[in-house]
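Below you'll find the structure, written out as structure tokens, and then a few comments.
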Amino acid sequence: MKHCKHCNVDVNDTKDYCPLCFNRLEGERDERPALYLERENNNRGRKNSHILRNIFLFLAICTLIVCTFVDYQTGWSRWSVIVDFSILYVWILVAHTIISRRSAFEKIFFQLIGLTCLLLSVAFVGGEGNWFIPYVLPSVMLATTTVLVFILMISKERNLYVSGFFIIFLLLAVVSVVMVFAGFSAPFTLLNNINIMYSGLAALGTLLFGFKIIKADLEKKFHLG
Numbered sequence: 001m002k003h004c005k006h007c008n009v010d011v012n013d014t015k016d017y018c019p020l021c022f023n024r025l026e027g028e029r030d031e032r033p034a035l036y037l038e039r040e041n042n043n044r045g046r047k048n049s050h051i052l053r054n055i056f057l058f059l060a061i062c063t064l065i066v067c068t069f070v071d072y073q074t075g076w077s078r079w080s081v082i083v084d085f086s087i088l089y090v091w092i093l094v095a096h097t098i099i100s101r102r103s104a105f106e107k108i109f110f111q112l113i114g115l116t117c118l119l120l121s122v123a124f125v126g127g128e129g130n131w132f133i134p135y136v137l138p139s140v141m142l143a144t145t146t147v148l149v150f151i152l153m154i155s156k157e158r159n160l161y162v163s164g165f166f167i168i169f170l171l172l173a174v175v176s177v178v179m180v181f182a183g184f185s186a187p188f189t190l191l192n193n194i195n196i197m198y199s200g201l202a203a204l205g206t207l208l209f210g211f212k213i214i215k216a217d218l219e220k221k222f223h224l225g
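160 is the number that our numbering gives to position 160 of the sequence shown; each next residue is one higher, with no gaps.
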């Protein structure tokens, strides 16, 4: 009997992958006849995605090394930092968003982290980072909140995203609160203040309309109740 940790189900079959999510199963192989049909197309698609991901990763690493080496040999003007983070962002876009089977929560989270790192690298190379915290960072967070709100409004699988999006809304609001009260966004605090209100209201709305879902997820996660 094998077990799928992603679906939390036991699979009584000879296959090495779950018939629901197609991830690899854990446990000993069962030699009894198969209980469900082969899914060669799914296997082939997973193998192709894995090969493409490895090819892209190899090319990305080679490009990172070459650009950093050339920049270092030509006086270290730090232009390679932007290139490196741009490649990192493209890697996240391709491997963790386009060809990935990850949830919407994970995809948006990785996109937010990747885009923030890319913009930080631009600020680092430019030497003038005064525009990043007051203008760029809150704008990215406002855009992220807007995208998440639209997903919750139009997605038929919104129940799967409620808890994760609620956490993101809270984190985005907390980041702006820290930026404002620590003085990092001075003297222009308008966008961070707007983000505090916007993300805070999004979190409040998610909590009010999805309270039962969030409560059930917390009880399941921490084994409460």
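Virtual Cβ for every residue (Gly too), placed ideally from N, Cα, C. Please read all numbers here as calculations on a predicted model, not as lab measurements.
Considering just the uninterrupted stretch of the beta strand (DSSP E) at residue 229, what are its terminal residues?
No answer is possible for residue 229: it lies beyond the span of the chain, which begins at 1 and ends at 225.
Given a cut-off of 8 angstroms, decide if residue 166 and residue 199 are closer than it, judged by their beta-carbon atoms.
no
Could you spell out the range, first to last residue, of the beta strand (DSSP E) harbouring residue 174?
Element bounds for residue 174: not the beta strand (DSSP E) but the alpha helix (DSSP H), 158-181.
Tell me, please, whether the stretch 192-207 touches the stretch 173-182 by the rule of three or more beta-carbon pairs shorter than 8 angstroms.
Contact between the stretch 192-207 and the stretch 173-182 is present, with at least three C-beta pairs closer than 8 angstroms.
Would you call the stretch 116-135 and the stretch 97-106 touching, i.e. three or more CB-CB distances under 8 angstroms?
no
Close beta carbons around residue 195, own chain, < 6 angstroms, minus the five adjacent residues each side:
138, 141, 142 and 176
Pairwise C-alpha distance: residue 11 and residue 28:
11 angstroms
Should residue 2 be labelled buried (16 or more other beta-carbon atoms within 10 Å of its own) or exposed?
buried
Determine the DSSP secondary structure at residue 28, reduced to helix, strand or coil.
coil
Which one of 104, 127 and 80 has the shortest CA to CA distance from residue 158?
For residue 158, the closest of 104, 127 and 80 by C-alpha to C-alpha distance is 104.
Counting only the same chain and skipping the five closest in sequence on each side, list residues whose C-beta sits under 6 angstroms from that of residue 164.
Cβ neighbours of residue 164 beyond the five flanking positions: 105.
Going by DSSP in three states, residue 217 sits in which element: helix, strand or coil?
helix
Residue 16 (DSSP reduced to helix, strand or coil)
coil
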